[in-house]
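If you count by my numbering, then the sequence shown holds residues 56 to 1199, one letter each, in order. In this text, a Cβ means the ideal position worked out from N, Cα and C, and glycines have one as well.
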Amino acid sequence: MHILLKQLRQEAFVIDVKNQIVHMVNQKKFLAGFPEMLTYTAFFSEFADKALPLSEADHARLQHAYHKTMQQHVRTINEVKLTSGEWVRLQFCTYEKKEDGEAVIMGFIEDISKEKLEYVTYLKETQFYHMLLSEKQAYGHINIAQDQFYGMGGIWNLYNELSEKLTYTQLYTRFIHKVVHPEDRRSYMELMDRSNLTQSYENGITRLKYEFRRIIEQNKMMWMEIEILLFKEPLQNELMALMYLTDIDERKKSSFQLRYESEFDQLTDVYNKKSAETKIMQCLRKQTEDLRAFLILDLDNFKEINDSFGHKAGDEILILFASQLKAVFHEHCIVGRFGGDEFIVFMKQIASDQEIDEALLKLYQKLQEEKLYDIKFSAGITLVKGSSDYETVFAQADKTLYQVKNSQKGVYQYYNRALNSIPDIREGIAEKTEGTGLSYENLELLEKKDFDTYLGEVGDIAYLVDPDTYDLLLGNTAFYDRVGLTKSQCRDKKCYEIMHRRKTPCPFCARANWSRDKFYLWKDMNTALEQEFLIKNKLILWKQQVVLLAIAVDISNDKSIVDSLESHATESHFLLSGIQHMQECVNFDDAMQSILETICHFFKAHHAGIWIMDEQSGLYTLKSEWIGCYSKDVWTLCEEEVAVLSAWLSAQKWNQPIKLENPQAMIGESFDMYQLMQSHHVENQHWIHLEEHGEEFGCLVINNTNANFQNVSFLESLSSFIVNEIKRHRLLQATLHANHYDLLTDVLNRNSYENNLSRYQSDAVRSLGVIVANIDNLKKINEDYGTVTGDQYIRHLANLMKMIFTQSDIYRFNGDEFLIIAINCEKAVLEHKVQMLKEKIEKNENFSVSLGFSWDSVECDVTALIHTADTVMKLNKKRHYDELHGSDDMQHRQLLRNLTKRIQKGEYVVYLQPKYHLKSHMGIGAEALIRQKHPEFGILPPSEFIPVLESNGVIRYIDLFVFEEVCKLLQKWQRDDMVVSLNFSRITLMEDDIINSMKKILDMYDFPRQCLEIEMTESTMENCSAMVYKTVQEIRQLGLRISLDDFGIRYSNLSVLNDIHFDTLKLDKSLIKTLVNEQRSRIILRNIIQMCRDLDIEMIAEGVETSRQEDILKTLDCPNGQGYLFARPIPVDTFEDHYILHRP
């Protein structure tokens, strides 16, 4: 028995009860200090002190357990915490010896500190997660192994009672059909399945997410994200899960909107130029035998239409033309707006060109039906068979369109074919462009924004109806909420079916009174909805169609309006007339003037006005006023009088309207107000508080009424309409503000950036600075601390920017991304502001921000500078992440390890392409080029692997590898007449520590520094001028040469030659290629060569491929050349054999 006990991991001892002796069997930790045998008395006297230092209570509990085992012959198990903080499990059990039948007691001691720590940690983490998840929409704790819910909260709280009766699987499968959108149910079911969760955990996946649409009240849909955290419960080792729901509805819809805005033209709702071209390119790459067609369509006389009828009419024509394009070219077609009045169409599959002719004829007919005035379009068409590239296809169609426009308008032509004429379209559009929009300020807004979005927050039901067919076209949010249906459910329904549950048109529908000039108001007791409405009908122009606008104001609980409508004719006339005229006004100020005029006429008053309190100052201001024809005095108040009036208005409780029959009635309440009334000849006053549900909108005052003084109900009836108009105005202002400003930070948004960019003229500015800022790890901040905390950090950063960059435009694009554009700000000043921002951010310990900065005073190209600043920001963000996590990004580290391994294995090698002196044909140096020796595909050029390395942020390692390899060669050769050049990636040159890295390598090798040349491309100098210029100067300080590469590849900015002293200028091969056939190229090259000679800059012609090119270069006195005519890039040993070993 003792032998078996010694093999156990627990410590063990045996108590011989009869002989009162304790035998130590397995001593490891707690029993290590005891002899192998001692008396019972000695053992227990020292047990609590030496082996297991316990509290008195725990010691007594162990004594009790021992005696229980001894007397009742049962096993006892006790887990106790020692005074040292460790946990042990102590077991007593009896054992009867075979030899004498006497019973002994065996004791086992097991250290369970680690087990207890894991369990306590598990409990704490679970409690912590529960505490965090309490802020979520819903959360649940599930035992996956046992198929049980342990608890739920949030909107899942109602399932807690059912969880006692149903398993986890039964519960989610029972309710999924009620709460998950049908299209999302299958994926949701697969995610929640226990076998999927178990398999995921076994595969190392501990966090799962899924976005879905959740069904809420009245069949509304809301986007949610369910996240599942998987972990093992330490004691039973069972798989557990914490699930929670997050409301992502706003973010998701914003994402959809942003995606839409990024792909579609906002005016015409067809693809924008970039999206259309991208999709067409994808189609063209596909190998197919189908006949396809590419069309460019251009509206004729569009400028004349804009000039004659205004840009609004022009926009309407563009919208209509685009809609008809989509209607005609809808199947297997891509329709996009190329810009201005130019559109492109790609037909993916056609039987013959007859199909195009028929489509264009149909388009002409549709335009004729719209009765557009003398609007024609021309088109250039090219047919595509097999694969092709977009540039070729576009060039052919564009060239054809150009020929068409120069010959005659209103025709179309196929590439390399004759013209096709187009029928005339000659109906007027005056009726269409008369500005017959809504009577609110929102007509232009409705043409750009969705009707639903604008009226969705006002509260009144609003909807559009086809006046001929009664088809319901569109409703606002309040409409769909009230009828309890979704937009799709209302599609193809009649207005009377939805609003009144009728099968035929309503007999009380006053169709004869509908007008485009004014609203027709009538009262409707809607039995289907069990509400009483004041209905306002008017014919309006909406999306090129005359429709009926219906607005239903709930008057069920506002008897004053109902009574007024049914009272005597005079008052009813004033009331309805006033409301109607107010609604017909174009803008808010005119609407307020109109209603105040009605009030003055009804009361024959001298003056009426609306006072609104300023939230910041607390003072009331006169927002609008009307001075009646009966007035003898203008009620203009000075600042002191405004303060008096504001104090009096703020003190009012507004239990009822205030009627002051004379100034003396004010003496007891406010002597200052009494004096104010006296000084302005106010004989009597009415005050009405404009409020709704406790929210104040202002105060209405009428001075010196001469009729209907006691008629307060008239004012109360009008007040609700005035409040509604103020709400509508506020909403419009908020909508317009939100269209240009970020709601969270109140800085400019992307829309403002795009608008400002479209008006930006680089020629009009002296300098331009750009700062890009991005909050580090904002997603994790939101996950760990909640979006409230994340929003606080975003606002804090925005406030810092507004405080420092007071004269600059600050934009928030999305989430954690900010952009600052500083026009005409000196570089030193801007750098100082950037440094101030960095210091302010560093003082804040809660979050960090990665910044990128660029500045230019030459071209001031916004896009290029943003690209540079964004690249710098990303590099700084990566550096911050690496410092914080030790490059803990597994994918990045794996890529870096693979790259290092390939370099060590010799998979990356340096090739050298010789450079020649043209007259002597002597080698004067070489350009170092990287190649990859692929085990399967052989030698690969840089284009096959450099882009991947750049996109993954590891290109610097290849650049520095080439740099060091060249240093090794130059040390080996020790030749001061052999210059080797190499090219660094733009990303590498923009890194802050690149100079230090180069210096460390240079210090390892001894060779003439002037033999090593760094090439800079012209595009790099243009796009990153502010930063790269500094790097270039530091490279020169290392003693290395600088070469300007690819000079003349597009257009050359000669100022770069003035800003930086280059040792060498390399002419791009595009210039060399045209030397033979173009005299102009030879003239340009001759002058460049002379300029370089005057500036003491060496010159090399790159891309020399023919003897004729070489002869011309010699004639022009170009000294050096490089190209396939002389030698292709060759291995180092081959180069050494030809140019080093056998060179004198």
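Span separating the alpha-carbon of residue i from that of residue j
i: K659; j: D871; result: 59 Å
i: I360; j: Q847; result: 50 Å
i: L493; j: A331; result: The predicted model places L493 with a pLDDT of 29, which falls under 50 and marks its position as unreliable; any figure quoted below should be read in that light. Cα to Cα, the separation comes out at about 34 Å.
i: I399; j: E809; result: 23 Å
i: E914; j: D320; result: 29 Å
i: L422; j: K431; result: 9 Å
i: S774; j: N766; result: 13 Å
i: N953; j: V1009; result: 11 Å
i: E344; j: Q1164; result: 42 Å
i: G907; j: L803; result: 19 Å
i: R347; j: G435; result: 14 Å
i: H661; j: I650; result: 15 Å
i: E512; j: E724; result: Its pLDDT being 42, under 50, E512 is placed unreliably by the model, and the measurement read from it follows with that caveat. Whole-angstrom Cα-Cα distance: 40 Å.
i: A565; j: E552; result: 17 Å
i: K171; j: Q201; result: 23 Å
i: F267; j: Q707; result: 51 Å
i: P562; j: Y575; result: 17 Å
i: S1036; j: K1055; result: 19 Å
i: N879; j: R821; result: 5 Å
i: Y265; j: L300; result: 10 Å
Whole-angstrom C-beta distance between residue j and residue i, which should lie under 8 Å
i: I1203; j: I1097; result: There is simply no residue 1203 to check, as the chain begins at 56 and stops at 1199 in what is shown.
i: Y1194; j: P997; result: Contact flag wrong, Cβ pair sits at about 23 Å.
i: V135; j: L93; result: About 22 Å separates the two Cβ atoms, so there is no contact after all.
i: M1071; j: D1032; result: Between D1032 and M1071 the Cβ distance is about 23 Å, and since that is not below 8 Å, they are no contact.
i: L528; j: V520; result: 6 Å
i: I199; j: R249; result: 5 Å
i: K714; j: H741; result: 6 Å
Backbone secondary structure at residue i - three-state DSSP
i: L973; result: coil
i: T1161; result: coil
i: F98; result: helix
i: I1152; result: coil
i: N869; result: strand
i: L1180; result: coil
i: F1016; result: helix
i: S407; result: coil
i: G539; result: coil
i: Q544; result: helix
Residue i, buried or exposed, once every other Cβ within 10 Å from all chains shown has been counted against 16
i: P1184; result: buried
i: P718; result: buried
i: L415; result: buried
i: S813; result: exposed
i: Q733; result: exposed
i: D1047; result: exposed
i: Y150; result: exposed
i: A793; result: exposed
i: R472; result: exposed
i: F311; result: exposed
i: D1123; result: buried
Cβ shell of residue i (< 6 Å), same chain only, five flanking positions each side left out
i: I606; result: D515, A517 and K591
i: E1089; result: I1050
i: F163; result: Q65, A67 and Q146
i: G664; result: L677, E680 and V756
i: I1115; result: V1087
i: Y470; result: T437, Q451 and T455
Residues of its chain near residue i, where Cβ-Cβ distance is below 7 Å and the 5 sequence neighbours each way are ignored
i: D1139; result: Per the sequence presented here, residue 1139 reads as Ile, with Asp not at that position. Answer for I1139: no residue qualifies.
i: F1016; result: I958 and Y963
i: L885; result: G824, A877 and W910
Cut-off 8 Å between Cβ atoms - residues of its own chain near residue i, not counting five sequence neighbours on either side
i: T955; result: Y1012
Proximity test, Cβ basis, 8 Å: residue i and chain C
i: F1181; result: Included in the structure is just one protein chain, with no chain C present.
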